[in-house]
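The sequence shown runs 3 to 419 under the numbering used here.
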Amino acid sequence: MQGSGPGPADNTISIVQRGNLKTIETTLHKQWRLGQNIVLCWSATDNGILLLMVPHYFLGNFTATTADSGEEGARKSAARESYVRRLISGRRRKSRDEFFEISNKLGVSTNFIKLPEPLTDQPVVDAAIEEIVRRYGLSYVDSRAVILIDIAQFSLYTPFEQASQLNSLSYSMNSAYNKLLSRGVEVNFARTTTGDGYYLWNRDLSPAANEDLLHFLLLVIADNAMAREASKGNTVPLIRTAFHIGSHYELYQAEGINPTVFSYIVGDVTIELARMVDLAQPSQVFIGDFNVELPSPGRDDPNDTVSLDTHAFLERCNEDMERVLGVKLSGQEVKTMRCDTSRVEGDDRPRRFLLTDKHGLTRNAFNLELHFETSEGRWQLGMSSDKLPRPSRPGDDTVDASALKSKAPSLKSVSEE
3 MQGSGPGPAD NTISIVQRGN LKTIETTLHK QWRLGQNIVL CWSATDNGIL
53 LLMVPHYFLG NFTATTADSG EEGARKSAAR ESYVRRLISG RRRKSRDEFF
103 EISNKLGVST NFIKLPEPLT DQPVVDAAIE EIVRRYGLSY VDSRAVILID
153 IAQFSLYTPF EQASQLNSLS YSMNSAYNKL LSRGVEVNFA RTTTGDGYYL
203 WNRDLSPAAN EDLLHFLLLV IADNAMAREA SKGNTVPLIR TAFHIGSHYE
253 LYQAEGINPT VFSYIVGDVT IELARMVDLA QPSQVFIGDF NVELPSPGRD
303 DPNDTVSLDT HAFLERCNED MERVLGVKLS GQEVKTMRCD TSRVEGDDRP
353 RRFLLTDKHG LTRNAFNLEL HFETSEGRWQ LGMSSDKLPR PSRPGDDTVD
403 ASALKSKAPS LKSVSEE
């Protein structure tokens, strides 16, 4: 971007630059054409910005494999899909050379938006353009923690009870956010409703964001459980929950003549979560089988990371649990908190659950137990080990998750506990 002499503070956008952003927004809205076109990337020039815009179906056609293409065609298709994922991941601003290289590879022409004034080199202006471009495009995130919270037997309640339960769950989320914020941890969470629950994720993509989201989930679960104990009737939901880390696409759907300001996600991670929750029982918490990058302990550089599996990730989260200690849930101060996966009886191995979907695809998940102590008592949440089905063969650490249904307590018995 071109400089324009001394400018405002780095975190302030001047009136001149706001005019540039307004021009970009207005022009993109026209070229977007109610969702017909999407933006892939952009590059700055001396007097405006360059854009690559394609029809919404272009990327699907670009990566498609024809029925008669054979093994070589499938290989090329996979390579093109990998290229597209890299293109729509992370920053959309490209250097001039990168921009025209992408244009040539995709075989698409460029668009130009002339601006009233040159853009400044402020990071805040750059970030604002990135945000506008994302709203008119499609993004890919390779690794992100996502939560799915589902209200058990939601359809059996009256509309008023359903509204009350969704409101109660929403309050637990907002309360967890505020409590972590008071400890210096900001979970910039986004959510979309499933009708009887929510998908939630952290908008932040830093290596620490996934750990922050798990601590957020633990406070939501704890707040919900304590609210249920204090409530009467069916105003506070009985939930079943899943936490997983994986890839997804993110998009902004059109509402009327404008793109929404709220994003939606769909991809491997949401599919995995849906399969977990489908077999989870009331009060149960599943956590997926994953590997994730977290900041290396004792290092100042947040980009210096180490790869952890599910159980090492949980142990790291437990080591950092002091961030939630001292917060108050229903007026009770949290003294201790720890989460662990259930173990095989007489063994230290984690008990795995094999989930098989209707397509015959399988994945592993683990049962998560949450233990915490407040100023007034001790709590154990999630499905305890004694209520879980045992492996069919001695020494085996894997259980077919479908066995949970035969072991599951009724909704009434869970509510009475």
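Beta carbons: idealized from backbone N, C-alpha and C, even for Gly.
Following the DSSP letters along the chain, one finds GLN19 inside the alpha helix (DSSP H) bounded by residues 17-34. Shown here for LEU406: same chain residues with a beta carbon closer than 7 Å to its own, the five before and five after excluded, namely LEU281, GLN283 and PRO391 in chain order.
By DSSP's assignment, ALA147 forms a beta bridge with ILE247.
Pairing LEU216 with GLY50, the inter-Cα distance amounts to about 42 Å. If you check the CB distance, VAL222 and MET175 come in under 9 Å. Taking a contact as a CB-CB distance under 8 Å, the pair THR194 and TYR266 counts as one, their CB atoms being some 5 Å apart. Distance check between SER111 and each of ARG77, GLY139, PRO118 and MET55 places MET55 closest, using alpha-carbon atoms only. Beta-bridge pairing by DSSP links ILE115 to ILE51. Within the stretch 339-377, the runs of beta strand (DSSP E) at least 3 residues long that lie entirely inside it are, in chain order, 354-358 and 364-376.
It is roughly 15 Å from the alpha-carbon of GLN19 to the alpha-carbon of GLU133. For ASP311, the pairing in a beta bridge is given by DSSP as ASN293. Each of ILE289, THR160 and GLY21 was checked against the Cα of PRO118, and the nearest Cα belongs to GLY21. SER233 sits close to SER170, with the two beta carbons spaced by under 9 Å. A residue is called buried once 16 or more other Cβ atoms fall within 10 Å of its Cβ, and LEU357 is buried on that count.
By the beta-carbon neighbour count (other beta carbons within 10 angstroms, threshold 16), LYS24 is exposed. A direct Cα-to-Cα measurement between THR343 and ASN366 gives close to 13 Å.
The Cβ atoms of ILE40 and TYR142 do not sit closer than 9 Å to each other.
One Cα belongs to ILE153, the other to ASP198, and the distance between them is close to 6 Å. Excluding the 5 residues flanking it on each side, HIS58 has same chain C-beta neighbours closer than 7 Å at GLY37, GLN38, ASN39 and ILE40, in chain order.
Contact between ALA211 and PRO297 is ruled out by a C-beta separation of about 11 Å, above the 8 Å threshold. Judged by their CB atoms, VAL126 and LEU220 are not nearer to each other than the 9 Å cut-off. For ALA232, the enclosing alpha helix (DSSP H) stretches over residues 211-232. In this structure, DSSP gives LEU108 a helical state, which the three-state scheme calls helix.
Per the C-alpha coordinates, the member of ILE247, GLU252 and LEU207 positioned closest to HIS313 is ILE247. Here the alpha carbon of ASP399 sits roughly 12 Å from the alpha carbon of ASN369. Scanning the stretch 124-176 from its first residue to its last, the whole alpha helix (DSSP H) runs of 4-plus residues come out as 125-137.
For LEU327, the secondary structure class from DSSP, reduced to helix, strand or coil, is coil. Comparing alpha carbon positions, the residue from GLN33, GLY269 and ASP123 closest to VAL148 is GLY269. Cβ neighbours of PHE101 within its own chain (closer than 8 Å, five residues either side excluded): CYS43, TRP44, SER45, LEU52, LEU54 and THR112.
Here DSSP, grouped into helix, strand and coil, assigns SER45 to strand. Using a Cβ distance threshold of 9 Å, SER84 and THR67 do not count as a contacting pair.
With a contact defined as Cβ atoms closer than 8 Å, ASP144 and ALA178 miss out at about 26 Å. Secondary structure at GLU100: helix, using DSSP grouped into helix, strand and coil.
In this model, PRO352 and GLU371 are separated by some 12 Å (Cα to Cα). Look at GLY37 here: in three-state DSSP terms it is helix.
Rounded to the nearest angstrom, the Cβ distance from ILE104 to LYS96 is 7 Å, consistent with a contact under 8 Å.
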